[in-house]
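Just below is one structure, and these are the notes that go with it.
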Amino acid sequence: MTEVERQRDESGFYKACVDAGKRIREFDDAVIVHHFDADGIPAGSIVFSAMYRNGFAPAMQCWKKTTPEYLQKLKETTHKQIVFCDLGAGYTSKLAEALPNREIIILDHHEPETPVDQRPADSNITIVNPHDFGIDGGNEACGGGTSYLCFRQFPELSQLALVSTVGDMQDRAGLIGVNKLILKDSVDAGITTVKKDLRIFGRSSRSLIGFLSYASDPFLPGLTGNDKNCARFLAENEIPYKQNDKYVSYYELQEDDRKRLSSALIECMW
Ligand SMILES: [Mn+2]
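If you read the sequence shown in this note's numbering, its first letter stands for residue 15, the second for the next number, and so on.
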């Protein structure tokens, strides 16, 4: 049964997360293995933080991908428990074979190796994966989100989950489904505010010219890759990209300048 055919069971997914979170907080000799990317690093940090709040600091390993070398390094440790974050779903049989005497929990959103109803019942591996509940792990639940849902009693960790969501590029059409719930947790906890703004990298870290000329998603016709055109475009729209002889960033603009720039960009996209 593919994930599309599988009936959506959000509450089942949330319960699986809570159960895994409870068990993880009981671990006393654990290593966290997390993916080396913008989703996996916050995901591992979420699990670490939740355990650390219990007075236990687990070991951590950061993997670029699942390779025999990384697996060997993990085998050489003596940790009784292993939590995989943002990886592992595609390699459960290999993990079971290589690490038979450990208790393993996999918090992942990648397509599972085996459909949930065909997995061995006596495995030492617990899998928590949105795909098993008819939830699309490709656009509404990432590794960090799945990890956070195990520990919703700590709503402050929702911010790391949102970093994961953006890092996994699940925010393209706005946050939906599970991601939307995490955002709500974060807003309700008073630690995140939602604001409509330009979705271009470098709002504070780049000069306005760089902000526009390096933009590739979306591609800005006539501006991306062309510093001169960007400077001309800003001047034509009376955006003060240089103030007191210093190039300024988007965040340093006044609200009305930002609005004018947004409108001009929308026009240039048409
Ligand atoms: Mn991921």
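Here a beta-carbon is modelled for each residue, glycine too, at the ideal position from N, C-alpha and C.
Nothing here was measured: the structure is a model prediction, and the numbers come from that model.
I want to check one thing, is the minimum distance from the CB of residue i to the heavy atoms of ligand 1 below 6 Å?
| i | result |
| --- | --- |
| residue 157 | yes |
| residue 43 | no |
| residue 182 | yes |
| residue 185 | no |
| residue 53 | yes |
| residue 259 | no |
| residue 100 | yes |
Return the Cβ separation of residue i and residue j in integer angstroms, given the expectation that the two are a contact with Cβ distance under 8 Å.
| i | j | result |
| --- | --- | --- |
| residue 262 | residue 221 | 7 Å |
| residue 158 | residue 57 | 4 Å |
| residue 53 | residue 191 | About 16 Å separates the two Cβ atoms, so there is no contact after all. |
| residue 148 | residue 23 | 6 Å |
| residue 126 | residue 103 | 5 Å |
| residue 143 | residue 117 | Between residue 117 and residue 143 the Cβ distance is about 17 Å, and since that is not below 8 Å, they are no contact. |
| residue 227 | residue 211 | Contact doesn't hold; Cβ gap of about 19 Å is too wide. |
| residue 96 | residue 47 | 6 Å |
Going by DSSP, which residues form a beta bridge with residue i?
| i | result |
| --- | --- |
| residue 48 | 76, 99 |
| residue 225 | Answer by DSSP bridge pairing: none, since residue 225 is not bridged. |
| residue 230 | 233 |
| residue 285 | No answer is possible for residue 285: it lies beyond the span of the chain, which begins at 15 and ends at 284. |
| residue 261 | 256 |
For residue i, tell me which candidate among the options has the shortest Cα-Cα distance.
| i | options | result |
| --- | --- | --- |
| residue 206 | 166, 124, 176, 57 | 176 |
| residue 169 | 153, 195, 46, 200 | 200 |
| residue 40 | 77, 164, 78 | 164 |
| residue 251 | 276, 232, 63, 100 | 276 |
| residue 197 | 214, 178, 212 | 178 |
| residue 184 | 204, 258, 213, 38 | 213 |
| residue 121 | 60, 195, 189 | 60 |
| residue 76 | 65, 189, 99 | 99 |
| residue 108 | 82, 161, 187, 274 | 82 |
| residue 110 | 123, 91, 202, 85 | 85 |
| residue 271 | 117, 249, 283 | 249 |
| residue 174 | 31, 64, 226 | 64 |
| residue 7 | 49, 88, 67 | Only positions 15 to 284 of the chain appear in this structure, which leaves residue 7 out of reach. |
| residue 134 | 282, 51, 231, 106 | 106 |
| residue 233 | 115, 246, 215 | 215 |
| residue 267 | 243, 223, 141, 21 | 223 |
| residue 33 | 166, 255, 66, 73 | 166 |
| residue 255 | 217, 92, 280, 154 | 217 |
> Along the chain, which unbroken stretches of the alpha helix (DSSP H) at least 4 residues long are found entirely within the region 99-173?
Replying inline: 106-112, 157-163
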